[in-house]
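This report refers to the structure that appears directly beneath it.
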Amino acid sequence: MATSATLAMAAKARELRNEGKDIIGLSLGEPDFNVPEFVKEAAIRAVNENYHSYTPVDGYADLKQAVITKFKRDNHLTYSPSQIVVSTGAKQSLANLAMVLLNEGDEVLLPAPYWVSYSDISKLAGGVPVEIPTSIDSDFKITPESLEAAITPKTKMMIYSSPCNPSGTVYSKEELRALADVLVNYPDIIVVSDEIYEHINFTETHASMATFEDMYDRTVVVNGVSKAYSMTGWRIGYIGGPEWIARACNKMQGQITSGANCIAQRATITALESSPSKIQFMVDAFKERRTLILDLLAEIPGFKTNIPQGAFYVFPDISYYFGKTLSGTTIHNASNFSLYLLENANVATVTGEAFGDPNCIRISYAASEENIVEALKRIKEALV
Ligand code: PMP
Ligand code: GLU
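The working numbering puts the first residue of the sequence shown at 7, with every later residue one more than the last.
Pasting the structure below:
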């Protein structure tokens, strides 16, 4: 199993910083905002109210109710409590799903580029990742034809994120419907729709495969509070999906974690019950930073970008540099390039190889404008 490339780069940047280097970290997808005050207060209240015991494995009943209300309010999705499982981050939700659904040799479709952990989580559960290639020229979107071509009798699952980490791609309802029209012919394939960037969406419409009546019974929606509420370290994620899958996930995490942290669960109730308008200021800031970083990248030769419509990453194709020698270092691939930027510009990014696209690197703009400007200035100086 590979080490998570995002976390490995973040650790490396931290290590260099501890050695006294002035590293700007644009590797980790982690909002730089504080947790909203009202959420912090809910956590403090929970401590003072003596929440301390093991919680129900699949989450407090009132948290599951808050998740149900959120799904109804934001996604027009109806679930009962037995269809909801709260976990230690969306990452655990994904791991539960892989472990309960995949048998040895089952194929998992991953529209590429995909979030770094999908492939290793699948492999860990005995699955075989099958990438569906896309192109930056078509905004990294798969098509009904490319989906159909990737399906085999062994296909068990498809995992994708929209808005997408790392490409920022957002599928419209019509595009998802066209993909669903293929999937309805293969009723054994379970769709895992990772919607953790739901609110960080600049198109103003978020679509979910689960809202299609003919897909509802075989789609699991994964979401969490890490991105929208800046609660990455609080570790709360959740799923809504078919009851038989939720029951299996509940059983799985009952043997592995006993459920998520009780204080973070209480705080998540407050976060989910609040109006999404309370976090709009963060979304607005990300949108401005997207414009800023795209403008700055356009000034550097060899960075080809799509226009990300959500999340907080740009995923430029930097293959222009392959075969070139920069300050004595020959760049052969995206990993060399990302390392070159770390060593020569003191800027941490992540190689696209980890996301299934070896021509690209991922740059997170969940950073202050000041850091973005300084980082891009350094990158430019290191390359031209
Ligand atoms: N899915 C995607 C697409 C992500 O970017 C992340 C980032 N961590 C996760 C899942 C996992 O999130 P969590 O912090 O809730 O585990
Ligand atoms: N999802 C974030 C990222 O892609 C956090 C890192 C991780 O969980 O791997 O950078």
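Beta carbons: idealized from backbone N, C-alpha and C, even for Gly.
Do residue i and residue j have their C-beta atoms within less than 8 Å of each other?
i           : j           : result
residue 236 : residue 39  : yes
residue 261 : residue 102 : no
residue 88  : residue 249 : yes
residue 171 : residue 360 : no
residue 245 : residue 99  : yes
residue 48  : residue 229 : no
residue 114 : residue 128 : yes
residue 336 : residue 322 : no
residue 295 : residue 378 : yes
residue 30  : residue 353 : yes
residue 147 : residue 208 : no
residue 195 : residue 163 : yes
residue 9   : residue 33  : no
residue 210 : residue 227 : no
residue 44  : residue 276 : yes
residue 63  : residue 281 : no
residue 268 : residue 58  : yes
residue 149 : residue 315 : no
residue 371 : residue 299 : yes
Residue i to residue j, Cα distance in whole Å?
i           : j           : result
residue 219 : residue 93  : 26 Å
residue 308 : residue 340 : 13 Å
residue 61  : residue 279 : 20 Å
residue 384 : residue 41  : 30 Å
residue 251 : residue 223 : 10 Å
residue 272 : residue 153 : 40 Å
residue 358 : residue 320 : 11 Å
residue 157 : residue 189 : 9 Å
residue 73  : residue 90  : 8 Å
residue 366 : residue 68  : 43 Å
residue 197 : residue 165 : 6 Å
residue 183 : residue 80  : 19 Å
residue 110 : residue 161 : 12 Å
residue 401 : residue 225 : This structure gives no information on residue 401, because the portion of the chain shown stretches from 7 to 390.
residue 24  : residue 364 : 30 Å
residue 331 : residue 325 : 13 Å
residue 54  : residue 327 : 56 Å
With DSSP collapsed to three states, give me the class of residue i.
i           : result
residue 289 : helix
residue 258 : helix
residue 358 : helix
residue 198 : strand
residue 53  : helix
residue 283 : helix
residue 241 : coil
residue 41  : coil
residue 227 : strand
residue 24  : helix
residue 29  : coil
Can you list, in chain order, the residues of its chain with a C-beta nearer than 6 Å to that of residue i? Leave out the 5 residues immediately preceding and following it.
i           : result
residue 240 : 270
residue 234 : 205 and 285
residue 136 : 113, 115 and 156
residue 362 : 118, 119, 120 and 137
residue 177 : 168
Ordered along the chain, which non-local residues of its own chain (more than five positions away) have a Cβ less than 8 Å from that of residue i?
i           : result
residue 139 : 118 and 152
residue 390 : 306 and 307
residue 231 : 237, 240, 242, 243, 274, 277 and 278
residue 134 : 111, 112, 113, 114, 128 and 160
residue 192 : 157 and 161
Which same chain residues, not among the five before or five after residue i, have their C-beta less than 7 Å away from its C-beta?
i           : result
residue 85  : 74, 77 and 246
residue 350 : 333 and 388
residue 142 : 310, 312 and 323
residue 344 : 355, 356, 357 and 367
Starting from the N-terminal side, write out each stretch of the alpha helix (DSSP H) that is 4 residues or longer and does not extend beyond the stretch 111–152.
123–130
Please list the segments of the alpha helix (DSSP H) lying wholly inside the stretch 60–110, counting only runs of 4 or more residues, in order along the chain.
67–81 and 96–107
Whole beta strand (DSSP E) runs in the stretch 149–183 with 3 or more residues, listed along the chain?
161–167
Just to confirm the assignment: which complete beta strand (DSSP E) runs, minimum length 3, are found wholly within the stretch 296–384?
367–370
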